[in-house]
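Line by line, the protein sequences give chains A and B.
FYI, this note's numbering numbers position 14 of the first sequence as 1315, with every residue one higher than the one before it.
FYI, this note's numbering numbers position 75 of the second sequence as 1376, with every residue one higher than the one before it.
Protein chains: 2
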Amino acid sequence: MAHDDVVYCDTPPGARLFDEATVKGHFWTICRYFISEKFLTYCGIAASVTVLNSLAIDSPEEPQIYPYKMFTQDNIFTDAVLHHRRPLEVEKGGNTLEQLAAVLDALRVGVETYFGSELDVDRTRRTLVDALSAEDKRVIVDFDRKTLHQKGSGHFSPLAAYHKGEDRFLLMDVARYKSPPCWVKAAVLHEALVGIDTTSGKSRGFLVVTRPDPTADGVAA
Amino acid sequence: MAHDDVVYCDTPPGARLFDEATVKGHFWTICRYFISEKFLTYCGIAASVTVLNSLAIDSPEEPQIYPYKMFTQDNIFTDAVLHHRRPLEVEKGGNTLEQLAAVLDALRVGVETYFGSELDVDRTRRTLVDALSAEDKRVIVDFDRKTLHQKGSGHFSPLAAYHKGEDRFLLMDVARYKSPPCWVKAAVLHEALVGIDTTSGKSRGFLVVTRPDPTADGVAA
Chain A
1302 MAHDDVVYCD
1312 TPPGARLFDE
1322 ATVKGHFWTI
1332 CRYFISEKFL
1342 TYCGIAASVT
1352 VLNSLAIDSP
1362 EEPQIYPYKM
1372 FTQDNIFTDA
1382 VLHHRRPLEV
1392 EKGGNTLEQL
1402 AAVLDALRVG
1412 VETYFGSELD
1422 VDRTRRTLVD
1432 ALSAEDKRVI
1442 VDFDRKTLHQ
1452 KGSGHFSPLA
1462 AYHKGEDRFL
1472 LMDVARYKSP
1482 PCWVKAAVLH
1492 EALVGIDTTS
1502 GKSRGFLVVT
1512 RPDPTADGVA
1522 A
Chain B
1302 MAHDDVVYCD
1312 TPPGARLFDE
1322 ATVKGHFWTI
1332 CRYFISEKFL
1342 TYCGIAASVT
1352 VLNSLAIDSP
1362 EEPQIYPYKM
1372 FTQDNIFTDA
1382 VLHHRRPLEV
1392 EKGGNTLEQL
1402 AAVLDALRVG
1412 VETYFGSELD
1422 VDRTRRTLVD
1432 ALSAEDKRVI
1442 VDFDRKTLHQ
1452 KGSGHFSPLA
1462 AYHKGEDRFL
1472 LMDVARYKSP
1482 PCWVKAAVLH
1492 EALVGIDTTS
1502 GKSRGFLVVT
1512 RPDPTADGVA
1522 A
């Protein structure tokens, strides 16, 4: 295909884009906790686990690595999460944008939900770059793979960086057995966020996840 | 601690070292497949899974992600591997350098075993940089954490890059819940490879893993 909408990181041009990029404060912590979805439908769960660990959110116990711990694609289903979504439901049908927001909300992190259809390219870019520039925020996008010339349809993954000169975002694809991390043109990413998710009947979009301020009222430690 | 033996990647100096480094051809494929050890003793297994996937070695079936597949910390124990090492043995006591080499050899990839005590710093550096510069090779080091001013003792992890100006290697620590990726001075890394593993009575060291040439005689496809 003769397009440069998407540049993969395992190619010399993709690697060079990372070296040049200036908005990449999230990258090393996302890299540290980057995982593969355990089922084809677990993209939202895998993206959330990566982001929660990278924000150093206190996780449930994990006996296999005691006394250490971290979020996994199993222990993320806490009592509070199970009230909204169960593993078998996700395994069967994945999550919509709002269902994933409910999972994260149940874990008491801040979640802002943005529907792609409600923002133009400029506001999408600005909102994403602002979040990628904040130490206490992370971004998960819900995009249509077809717009990125990839097989499949709806898919969740974290963003980790922005390249201003090329106006591209670094997408850390959690279906790692299918796709390496890649740089997506902002206009192409926006287009991939505006399509309708047939399960919800609403557009795709993105979530901005924020670490709770431990000094704020009403937030559990 | 007032030393700069180890610089972590989630700090601005660590991130800058990556941008400046020139020997980093392995990085993006290691990043793509980087995982956390599932038990505290599974470092060699987690490092091997990362490296095997990054070399695109044909893996066993993985029903949860069918029709895709990849190596995991479970399916790496093929019949041929089980002949040498079993999960319960590794869970209980980890692997020595030679035990991990036997696991990889059973998977029919090329494995060269280097004992730290048999190489000086210069030869260690040259051998590691040569391997990190080869598209078909990957490196797993067996080092003593104490030399890196970290808690613990023997530990396996892949290397992913080399910074010539600072003479440092990028270590992708698979105990990700403990340590971010970090840049280790070559002399410090060498020192961490020469200590004795009390289980084997031999020194630690490193493995160079090579993707088999599919056109060579006697190598299974």
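No residue lacks a Cβ here, since even glycine has one placed at the ideal position from N, Cα and C.
Backbone secondary structure at residue i - three-state DSSP
i       : result
B:F1372 : coil
B:S1355 : helix
B:F1319 : helix
A:S1458 : strand
A:H1538 : Absent from the model: residue 1538 of chain A. The displayed extent of chain A is 1302 to 1522, so no value can be given.
A:Y1463 : strand
A:V1350 : helix
Other residues of its chain near residue i: CB distance less than 6 Å, five sequence neighbours each side excluded
i       : result
A:H1491 : V1422 and T1425
B:Y1415 : G1506 and F1507
A:E1413 : V1509
A:S1501 : T1397
A:F1340 : E1392
A:V1495 : G1417, S1418 and S1504
A:A1403 : H1385
The alpha helix (DSSP H) enclosing residue i, as first and last residue numbers
i       : result
A:T1428 : V1422 to L1433
A:I1366 : Segment: none, A:I1366 is in no alpha helix (DSSP H) and carries neither H nor E.
B:E1523 : Because residue 1523 of chain B is not part of the residues shown, which for chain B are 1302 to 1522, the question remains open.
B:C1483 : No alpha helix (DSSP H) contains B:C1483, which is instead part of the beta strand (DSSP E) from C1483 to K1486.
A:I1441 : Not the alpha helix (DSSP H): A:I1441 falls in the beta strand (DSSP E), residues K1438 to D1445.
A:V1382 : D1380 to L1383
A:L1405 : L1398 to A1407
B:F1551 : Absent from the structure is residue 1551 of chain B, since the part of chain B shown begins at 1302 and ends at 1522.
Same chain, Cβ closer than 7 Å to residue i, five either side skipped, listed in chain order
i       : result
A:H1464 : L1318, E1321, A1322 and W1484
B:R1446 : K1452, G1453, S1454 and H1456
A:P1314 : V1308
B:A1348 : I1441, F1457, S1458, P1459 and V1475
B:P1482 : C1310, L1471, L1472, M1473 and D1474
A:S1434 : V1324 and G1326
B:P1513 : R1409, V1410, G1411 and V1520
B:A1493 : F1444, D1445, T1448 and L1449
A:T1373 : V1350 and E1363
B:V1430 : V1324 and Y1463
Terminal residues of the beta strand (DSSP E) in which residue i lies
i       : result
B:F1416 : G1411 to F1416
A:R1469 : R1469 to L1472
B:T1511 : G1506 to T1511
A:V1308 : V1307 to Y1309
Same chain, Cβ closer than 8 Å to residue i, five either side skipped, listed in chain order
i       : result
A:I1331 : T1351, V1352, S1355, R1439, P1459, A1461 and M1473
B:F1328 : F1319, A1461, A1462 and L1471
A:R1387 : F1378
B:R1469 : V1308, L1318, Y1463, W1484, V1485, K1486 and A1487
B:G1519 : Residue placement at B:G1519 cannot be trusted, given a pLDDT of 49 that sits under 50; the coordinates are not used to answer.
B:V1489 : D1306, V1307, T1448 and L1449
B:E1436 : G1326
8 Å Cβ cutoff, residue i in contact with chain D
i       : result
B:A1403 : The structure shown contains no chain D; its protein chains are A and B.
Given 8 Å as the limit, is there contact between the stretch 1471-1479 of chain B and the stretch 1370-1382 of chain B, that is, 3 or more CB pairs closer than that?
Output reads no: the stretch 1370-1382 of chain B does not touch the stretch 1471-1479 of chain B.
Below 8 Å, can you find three or more Cβ-Cβ pairs linking the stretch 1303-1318 of chain B to the stretch 1352-1368 of chain B?
The stretch 1303-1318 of chain B vs the stretch 1352-1368 of chain B: no contact.
Tell me which residues of the stretch 1344-1367 of chain A have at least one Cβ-Cβ distance to chain B shorter than 7 Å, keeping chain order.
With the criterion set as a beta carbon lying under 7 Å from some beta carbon of chain B, the members of the stretch 1344-1367 of chain A are Q1365 and I1366, in sequence order.
Using Cβ-Cβ distances below 7 Å, what residues of the stretch 1459-1491 of chain A are close to chain B?
Residues R1477, Y1478, K1479, P1481 and P1482.
Along the stretch 1407-1421 of chain B, what residues have a CB closer than 9 Å to any CB found in chain A?
Shown here is that no member of the stretch 1407-1421 of chain B has a Cβ falling below 9 Å from a Cβ of chain A.
Using a beta-carbon distance cut-off of less than 8 Å, what residues from the stretch 1331-1343 of chain B approach chain A?
Under the 8 Å Cβ criterion, the stretch 1331-1343 of chain B contributes C1332, R1333, Y1334, F1335, I1336, S1337, E1338, K1339, F1340 and L1341.
Please identify, using Cβ separations under 8 Å, the residues of the stretch 1369-1401 of chain B that lie next to chain A, in order along the chain.
Of all residues in the stretch 1369-1401 of chain B, Y1369, K1370 and M1371 have a Cβ within less than 8 Å of some Cβ in chain A.
Could you name the residues of the stretch 1424-1448 of chain A whose beta carbon sits closer than 8 Å to any beta carbon of chain B, in the order they occur along the chain?
Residues passing the 8 Å Cβ filter: none.
Of the residues that make up the stretch 1493-1507 of chain A, which ones have a beta carbon closer than 8 Å to any beta carbon in chain B?
Residues of the stretch 1493-1507 of chain A with a C-beta less than 8 Å from any C-beta of chain B: none at all.
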